[in-house]
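A.B. asks:
Chains as they are written, first to last, in our numbering: chain C, 1 to 364; chain L, 365 to 728.
Pasting the structure below:
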């Protein structure tokens with residue numbers, strides 16, 4: 001691994017972004033294009049970009065970023081098909097490893113990668129420590145919703161296929177902290193995903209979690225609305241939805257699948273007759289506004305919660321707009337000192353205070 | 365309970381429909397209106413209608429159905445808030461009980477109810493026997509999909525919050541049989557819902573079920589496509605998707621929630637400017653075609669599989685069109701002798717032949 005480019009003199013390292021340029025379905029050109037989009041909006045941001053220098057150098061040059069980004073050469077790439085167990089054993093020379101180690105070493109505050117989710121999670125777990133009190137870190141994702149902020153937070157979206165009652169309580173606390181930082185919500189409303197809203201419904205661990213989360217609400221400064229259902233993921237009864245990673249992953253992919261089905265059918269329907277084509281043309285502004293509202297690229301960026309540093313997983317198939325959205329989220333969270341706030345929030349809300357103190361700002 | 369109206373002389377009782385008129389969110393007027401819609405299309409169908417005679421008599425009169433439907437008076441109603449455990453202990457005088465007992469007694473072949481799902485399931489389990497080989501009956505529901513038939517079958521949609529590997533195998537066999545009868549598919553393709561398509565993914569029972577279902581494919585005359593993901597529920601990689609009732613219920617409600625969010629946003633978007641309103645007017649035919657394609661009312665009717673008789677649960681909030689769709693499905697399944705075909709299919713495909721033989725037609 002060779003370090004090239006400028007050093008980061010004079011910048012608070014926790015605000016530096018560490019970006020894995022490789023491993024996405026669309027290759028490093030898309031990541032660099034997304035980075036260029038982002039840097040147009042936030043030109044002063046310090047970025048370390050990890051990947052094959054031979055491929056990245058001409059891309060940075062093309063976008064005029066050569067002097068604005070620190071390039072760090074990494075010869076290997078984690079592919080979408082690599083097993084997590086393999087990645088952690090043999091991945092030392094990969095761009096993903098390099099990107100994670102930059103935050104591990106204190107050179108940067110937040111990691112962004114479009115690579116293999118399982119590999120990124122496994123490597124993050126290996127190289128970054130878990131926050132005190134966290135057994136299973138989780139992936140938080142955003143749903144387009146009827147709430148004023150336009151989005152709801154759901155976790156776990158698939159970091160782990162299991163979650164017991166204690167994990168679900170931690171998810172509630174972490175999701176609350178994330179919603180505060182992502183949406184500026186003072187007192188987020190939390191729901192626990194179940195097959196019905198009645199108290200007698202659901203699995204045993206859900207009934208216990210229901211009690212635990214309810215009891216933690218006052219100290220954790222959130223509102224617990226109780227059990228919610230699948231229809232509430234895009235709804236307005238709460239801002240944070242807690243579930244295990246199996247259920248969350250199926251729900252997320254189901255929602256995307258239905259949205260894609262409907263938009264595909266809508267396009268086909270509108271092309272059927274000249275009249276409907278003309279009508280679609282006239283309603284184009286409205287249809288584009290809708291598309292923007294539910295566009296997965298705008299909400300791109302699952303966030304790993306529960307590790308000492310924040311890791312953002314962008315969709316593997318993200319285009320430049322999607323990559324830029326994920327980098328913007330990273331910038332926002334780095335700027336707010338989110339990792340430290342989350343640790344402080346968990347330390348303050350859990351029954352056994354672990355002594356972790358905030359290193360910057362107030363808990364959120 | 366008083367029997368009024370005509371007897372069912374000369375009709376094969378298994379083709380008679382037993383309909384619970386009460387317990388839906390919209391009351392018996394909607395059920396009778398739906399029945400009237402259905403009977404316009406299939407005027408010869410024999411129907412026993414269960415509920416409060418004092419309420420139903422004027423409704424039947426209004427739709428000119430007094431002589432076409434057998435009315436069976438039942439004084440009590442299972443409400444949406446009644447617990448299943450209470451319903452089975454104290455529900456003897458309800459219309460739901462009466463509707464189920466009509467098939468139990470051999471007077472009718474299929475039950476339809478808009479009532480409380482948990483109550484209907486518990487009462488069906490109590491009054492009807494399980495088919496040999498079935499431990500957990502399941503609810504099968506339909507998803508709008510990219511497949512030529514326009515719909516996929518998913519089970520379990522929420523009959524039970526648990527399913528072990530043997531249950532999942534039975535679901536595959538029952539779902540296959542249902543897809544054959546609902547869509548005339550010769551050799552349905554079956555997928556097992558998981559968080560990824562790779563063999564190493566998912567919970568332990570899923571890995572065992574993966575082997576069991578794969579081994580049963582040849583004898584069961586279906587194609588097993590392996591693990592599928594949430595996005596495949598409305599997709600075209602398989603026709604039948606097998607999952608536990610917790611995951612299935614969350615996925616179903618999530619899909620409905622996203623579809624409702626999008627259609628609400630589309631309506632709001634199109635109303636925003638005069639130009640977009642005019643455009644929407646011109647594209648009205650196309651938009652209506654889309655609405656029809658994904659209208660939950662058209663696919664209304666979850667089917668309880670694994671009991672000696674078929675029980676169809678219509679959406680509690682179904683309107684007359686939705687009720688008519690559920691009754692049409694009941695008519696189709698009764699006409700095909702589906703209950704007997706399902707039992708024969710299970711008896712033939714399971715390792716230990718239980719000796720159950722088809723009583724009518726070929727297994728399907």
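Positions of the beta carbon are idealized from the N, C-alpha and C atoms, including for glycine.
Three-state secondary structure (DSSP) at residue 586 of chain L?
C.D. replies: Coil at residue 586 of chain L, not helix or strand.
A.B. asks: Under a three-way DSSP split, which group does residue 678 of chain L fall into?
C.D. replies: Residue 678 of chain L: coil per DSSP, three-state reduction.
A.B. asks: Exposed or buried, which one is residue 276 of chain C when buried takes at least 16 other CB atoms within 10 Å?
C.D. replies: By the neighbour-count rule (16 or more Cβ atoms within 10 Å), residue 276 of chain C is buried.
A.B. asks: Residue 378 of chain L and residue 698 of chain L look like a contact to me (Cβ under 8 angstroms); what is the Cβ gap, rounded to whole Å?
C.D. replies: That pair is a contact at about 6 angstroms.
A.B. asks: With a 10 Å radius around its C-beta and 16 neighbouring C-beta atoms as the bar for buried, classify residue 25 of chain C as buried or exposed.
C.D. replies: Exposed is the call here.
A.B. asks: Taking the alpha-carbon positions, what's the residue 102 of chain C to residue 18 of chain C distance?
C.D. replies: Approximately 7 angstroms between the Cα atoms of the pair.
A.B. asks: List the residues of chain C whose Cβ lies closer than 8 angstroms to the Cβ of residue 681 of chain L, in chain order.
C.D. replies: Per Cβ cutoff of 8 angstroms: no residues; residue 681 of chain L is ~12 angstroms from chain C at best.
A.B. asks: Is there at least one Cβ from chain C nearer than 8 angstroms to residue 382 of chain L's Cβ?
C.D. replies: No - not a single Cβ of chain C is within 8 angstroms of the one on residue 382 of chain L.
A.B. asks: Do the segment 109-117 of chain C and the segment 204-212 of chain C meet, that is, are 3 or more Cβ pairs less than 8 angstroms apart?
C.D. replies: Output reads no: the segment 204-212 of chain C does not touch the segment 109-117 of chain C.
A.B. asks: Roughly how many whole angstroms lie between the Cα atoms of residue 124 of chain C and residue 507 of chain L?
C.D. replies: Roughly 37 angstroms separates the two Cα atoms.
A.B. asks: My parser needs the beta strand (DSSP E) runs of 3 or more residues fully inside the segment 94-133 of chain C; what are they?
C.D. replies: Counting only runs of 3 or more, we get 110-113.
A.B. asks: Below 7 angstroms CB to CB, which residues in the same chain sit around residue 463 of chain L once its five sequence neighbours on both sides are set aside?
C.D. replies: Cβ neighbours of residue 463 of chain L beyond the five flanking positions: 382, 383, 384, 414, 475 and 477.
A.B. asks: According to the neighbour-count rule (16 or more other Cβ atoms, all chains shown, within 10 Å of its Cβ), is residue 672 of chain L buried or exposed?
C.D. replies: With 16 or more Cβ atoms within 10 Å of its Cβ, residue 672 of chain L is classed as buried.
A.B. asks: Rounded C-beta distance between residue 597 of chain L and residue 605 of chain L? I'm assuming under 8 angstroms.
C.D. replies: Sure, about 6 angstroms apart at Cβ, within 8 angstroms.
A.B. asks: Applying the criterion that 16 or more other CB atoms from any shown protein chain within 10 Å of the CB defines a buried residue, is residue 339 of chain C buried or exposed?
C.D. replies: Per the 10 Å Cβ criterion, buried.
A.B. asks: On the criterion of 16 or more Cβ atoms from any shown chain inside 10 Å, does residue 6 of chain C qualify as buried, or is it exposed?
C.D. replies: Low local confidence applies: a pLDDT of 39 at residue 6 of chain C is under 50, so the model's placement there is unreliable, with the coordinate-based value given in what follows. Result: exposed.
A.B. asks: If we cut at 8 angstroms on Cβ distances, does residue 246 of chain C have a partner in chain L?
C.D. replies: Yes - at least one Cβ of chain L is within 8 angstroms of the one on residue 246 of chain C.
A.B. asks: Candidates L:425, L:375, L:483 and L:432: which alpha carbon is nearest residue 442 of chain L's?
C.D. replies: When each option's Cα is compared against that of residue 442 of chain L, the closest is L:483.
A.B. asks: Roughly how many whole angstroms lie between the Cα atoms of residue 322 of chain C and residue 197 of chain C?
C.D. replies: Roughly 35 angstroms between the two C-alpha positions.
A.B. asks: Under 9 angstroms, CB to CB, which of the residues in the segment 589-610 of chain L have a partner in chain C?
C.D. replies: Per Cβ criterion, the list reads 593, 594, 595, 596, 597, 598, 599, 607, 609 and 610.
A.B. asks: Check this for me: beta carbons of residue 619 of chain L and residue 521 of chain L, under 8 angstroms apart or not?
C.D. replies: Going by C-beta atoms, residue 619 of chain L is not nearer than 8 angstroms to residue 521 of chain L.
A.B. asks: Quick one: is residue 512 of chain L near chain C, going by C-beta distance under 8 angstroms?
C.D. replies: No, residue 512 of chain L lies away from the interface with chain C (no Cβ there is under 8 angstroms from its Cβ).
A.B. asks: Less than 8 angstroms between C-beta atoms, sequence neighbours within five positions excluded: which residues of the same chain meet that for residue 444 of chain L?
C.D. replies: Excluding residues within five positions, the ones whose Cβ falls inside 8 angstroms are 387, 389, 479, 480 and 680.
A.B. asks: Ends of the alpha helix (DSSP H) at residue 347 of chain C?
C.D. replies: Run containing residue 347 of chain C: 338-349, per the alpha helix (DSSP H) assignment.
A.B. asks: Output yes or no for whether 8 angstroms exceeds the beta carbon distance between residue 227 of chain C and residue 192 of chain C.
C.D. replies: Cβ atoms of residue 227 of chain C and residue 192 of chain C: closer than 8 angstroms.
A.B. asks: Pick out whichever of C:58, C:169, C:337 and C:179 has its Cα sitting closest to the Cα of residue 151 of chain C.
C.D. replies: That would be C:179, whose Cα lies nearest to the Cα of residue 151 of chain C.
A.B. asks: Any beta carbon from chain C within less than 8 angstroms of residue 501 of chain L's own beta carbon?
C.D. replies: No, its Cβ sits nowhere closer than 8 angstroms to a Cβ of chain C.
A.B. asks: Measuring CA to CA, which of C:341, C:305 and C:310 is closest to residue 138 of chain C?
C.D. replies: Checked all of C:341, C:305 and C:310; the closest Cα to residue 138 of chain C is C:305.
A.B. asks: Considering only the alpha carbon of each residue, which of L:376, L:375, L:457 and L:393 lies closest to residue 683 of chain L?
C.D. replies: Per the Cα distances, L:393.
A.B. asks: The beta strand (DSSP E) spanning residue 371 of chain C covers which residue range?
C.D. replies: Only positions 1 to 364 of chain C appear in the structure, and residue 371 of chain C is not among them; the question remains open.
A.B. asks: Going straight from the alpha carbon of residue 126 of chain C to that of residue 345 of chain C, what length do you get?
C.D. replies: Their backbone Cα atoms lie some 23 angstroms apart in a straight line.
A.B. asks: Buried or exposed: where does residue 719 of chain L fall if 16 or more other Cβ atoms within 10 Å of its Cβ makes it buried?
C.D. replies: Low confidence applies to residue 719 of chain L: its pLDDT is 42, below 50, so where it sits in the model is not reliable, and the reading given next is rough at best. The residue in question, residue 719 of chain L, is exposed, as its Cβ has fewer than 16 Cβ neighbours within 10 Å.
A.B. asks: Whole angstroms is fine: what's the gap from residue 86 of chain C's alpha carbon to residue 16 of chain C's?
C.D. replies: In a straight line, the C-alpha of residue 86 of chain C is about 29 angstroms away from that of residue 16 of chain C.
A.B. asks: Taking C-beta pairs closer than 7 angstroms, name the residues in chain C that residue 667 of chain L reaches, listed in chain order.
C.D. replies: Neighbours of residue 667 of chain L on chain C: none; closest Cβ ~18 angstroms, over 7 angstroms.
A.B. asks: Tell me whether residue 564 of chain L is buried or exposed, calling it buried when 16 or more other Cβ atoms sit within 10 Å of its Cβ.
C.D. replies: Classification of residue 564 of chain L: exposed, given that the 10 Å Cβ count is below 16.
A.B. asks: Since residue 191 of chain C is in the beta strand (DSSP E), which residue starts that stretch and which ends it?
C.D. replies: Looking at the DSSP string, the run of the beta strand (DSSP E) that includes residue 191 of chain C is 189-193.
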